[in-house]
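In my numbering, the protein residues as written are 385 to 1031.
Cβ atoms here follow ideal geometry from the backbone N, Cα and C, with glycine treated the same way.
To keep things clear, I will list the structure first and then write my remarks on it.
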């Protein structure tokens, strides 16, 4: 991301407010963090966020009423840092079981996955705190260092950020075990001149070998890091003096085949130390790290560790996700989503690793990760839901209107039932109607459509709020209209249309005007009821019609039993919805079936919901429910039809 005039303007604006002498120390901390971020190749937004972070922490930057887009983005990073502070408290017994700690950890997770730069800023801020801690009290130094080892170094490791990881470890080790740190540091310094000469000689030797073998490669060398030396002495029970002369070399080449060619060349020229060989290209580490590690006996019988990797592997090893994502600006949405999934899983593994060290924080971990699912919208936003949540729960969490209008769901691009349980990492897409059509079945938890109490309550509230036009009309006229039927003129929604029929037997009488409601298209064989309207006679509805259910409790006196007449020739309208992967082939198969069974098709509407998903809505005339049920079964057998239901 290039530096723009907007960056320069914001920089000048903020610095103009920070002119006091006491601001200099804060500015130096900000500059140090910015320089560290430059080494891991961060963008200008992140650099500015680091530069002014100390001023934000001390409340010296006042928010303005109309911030620029850039300032808003930077303040969003700072707010994410505030949420990330939840990890500073999770492993303490006194806070481990508090509800707000659980909530803060969830917010932390959402913030980190939403913008990976937040975690890099946090690591750099911790690094600067360790550097500044040399002026702090001993107890504060130890607490800061131990927490770094428990939380921040593992986090940098999980994200594959080796450059920040070793710096955090070396600085923290300086406070945790100062005597050993001083001993190793002094030993390294005493041998520095000799060791640097050996390193330069070995670099020249390796470069010469690569040139003769016509293998492309860049060679570098350095002394081992202090904490790395300490860990090796503790792990393998080696005398620390034997490690002072150990140097580490790195060879970067252009391809994986050349990595193995370089390995073969090295093992041919020097005696390999078999116990020190690891192939992390063939078997990468859990954090994605890839490289070949070997050790050989070098000149003067000095052990020399050599890492062999490609340039891309090296950048990923040093910068972790910072390297992986810096190329992804403007990348395909699917790639961005996969990156967020990878980061989410690394964060979860990191927190599990941290929590495992503290029994008191296991309960916290379970509530944040084991008892929750973290799923993604099609746009890549992360949604936090309780374990057991369904696609419908997701829909209602996104927005109540999305839940009410939901008609189908996709998980990771595949159509699924509303009762499927979501898993962490799922990408969820909700297909919707134009109008709200929640089902009363959703309200019952035993049906499995909804798991969360909030979503169930939203469905129940929707049905409670659905007042029919008749009720509205009654409220308007109850003090002025004396005719009791006047309030029932508009009982059904305005979109409901009625189909006039020959007289049906209603309440034992067959001389009443009756009409079939087109909102539910009742058929002979359906359980039906009649509803007395003011001017249109008896409206016949299916007993489970949503419009009938809205009034059946409060207007029971208007409900009458209905009997369909026996007829061999009468035909009644019915509406079906079908869904499948291809509208053209589905339409071909459906119409062929209709012709073969002599079913009259009176209306048809097709809609491509996506390139691989279509919906057909068709109205037919049919004799009775049994015939319709048989037809639906035959439609379900068509290879181009995935779902069929009666409207």
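Task: Neighbourhood of residue 1011 by C-beta distance below 6 Å, restricted to the same chain and skipping five residues each side - done: none
Task: Check whether residue 692 and residue 647 have beta carbons under 7 Å apart - done: yes
TODO: May I ask you to list the residues that DSSP assigns as paired with residue 991?
DONE: 999
- [ ] Compute the distance between the beta-carbons of residue 552 and residue 536, then report whether it is under 7 Å.
- [x] yes
- [ ] Use the C-beta contact count for residue 994: other C-beta atoms within 10 angstroms, 16 or more gives buried, fewer gives exposed.
- [x] exposed
TODO: Run through the region 629 to 658 for me and flag every whole alpha helix (DSSP H) of 4 or more residues, listed as ranges in chain order.
DONE: 640 to 653
Task: Backbone CA spacing between residue 418 and residue 765 [nearest angstrom] - done: 28 Å
Task: Length of the line joining the Cα atoms of residue 905 and residue 453 - done: 54 Å
Open item on the list: I need the DSSP call for residue 1026, collapsed to helix, strand or coil.
Closed with: coil
Open item on the list: Suppose the cutoff is 7 Å on Cβ atoms and the five residues either side in sequence are ignored; what does the same chain contact list for residue 807 look like?
Closed with: 757
- [ ] Give the DSSP-derived three-state secondary structure of residue 870 in the structure shown.
- [x] For residue 870, the predicted structure reports a pLDDT of 24, less than 50, and the residue's modelled location is therefore unreliable. A value from the coordinates is still provided. Helix at residue 870.
Task: residue 915 versus residue 811: straight-line alpha-carbon distance, rounded - done: 45 Å
- [ ] Below 6 Å CB to CB, which residues in the same chain sit around residue 1029 once its five sequence neighbours on both sides are set aside?
- [x] 961
Task: Three or more C-beta pairs below 8 Å linking the region 680 to 691 and the region 568 to 588 - done: yes
- [ ] Check each candidate in 619, 601, 613 and name the one with the smallest Cα separation from residue 343.
- [x] Residue coverage of the chain in this structure runs from 385 to 1031, which leaves residue 343 outside it and unanswerable.
Task: residue 661 and residue 678 closer than 7 Å at C-beta - done: yes
TODO: Within its chain, find whatever has a CB closer than 7 Å to the CB of residue 831; leave out the 5 residues flanking it on each side and keep chain order.
DONE: 825
Open item on the list: Excluding the 5 residues flanking residue 939 on each side, which residues of the same chain have their C-beta closer than 6 Å to its C-beta?
Closed with: none
Task: Contacts around residue 774, its chain only, beta-carbon distance under 8 Å, and the 5 residues preceding and following it disregarded - done: 802, 803, 804, 805, 806, 832, 833, 834, 835
TODO: Check whether the region 568 to 583 touches the region 509 to 524, taking contact to mean three or more Cβ pairs, one atom from each stretch, closer than 8 Å.
DONE: no
Open item on the list: Could you check whether residue 672 and residue 544 sit closer than 7 Å to each other, using their CB atoms as the reference points?
Closed with: yes
Task: Pair within 7 Å by beta-carbon distance, residue 913 and residue 943 - done: yes
- [ ] State buried or exposed for residue 695, treating a residue as buried only when at least 16 other CB atoms are found within 10 Å of its CB.
- [x] exposed
Open item on the list: If you reduce the DSSP assignment to three classes, tell me which class residue 813 lands in.
Closed with: strand
Open item on the list: Using only the alpha-carbon positions, how far apart do residue 561 and residue 568 sit?
Closed with: 11 Å
- [ ] Would you check if the distance between the CB atom of residue 781 and the CB atom of residue 767 is smaller than 7 Å?
- [x] yes
TODO: Apply the 10 Å Cβ neighbour rule to residue 979 and answer buried if 16 or more other Cβ atoms are within range, or exposed otherwise.
DONE: exposed
Open item on the list: Can you list, in chain order, the residues of its chain with a C-beta nearer than 8 Å to that of residue 840? Leave out the 5 residues immediately preceding and following it.
Closed with: 826, 827, 829, 834
TODO: Would you identify the three-state DSSP class for residue 1008, choosing helix, strand or coil?
DONE: coil
Task: Whole-angstrom distance between residue 505 and residue 563, CA atom to CA atom - done: 31 Å
Task: Neighbourhood of residue 859 by C-beta distance below 6 Å, restricted to the same chain and skipping five residues each side - done: In this predicted model, residue 859 has a pLDDT of only 40, less than 50, meaning its place in the structure is not dependable enough to derive any value.
Open item on the list: Looking at the secondary structure, which residues open and close the alpha helix (DSSP H) in which residue 441 lies?
Closed with: 437 to 441
Task: Start-end ranges of the alpha helix (DSSP H) lying completely within the region 772 to 845, minimum 4 residues - done: 775 to 782, 784 to 789
Open item on the list: Considering only their Cβ atoms, is the gap separating residue 967 from residue 987 smaller than 7 Å?
Closed with: no
TODO: In the DSSP assignment, find the unbroken beta strand (DSSP E) run with residue 962 in it and report its ends.
DONE: 956 to 964
TODO: Put residue 605 into one of helix, strand or coil per three-state DSSP.
DONE: strand
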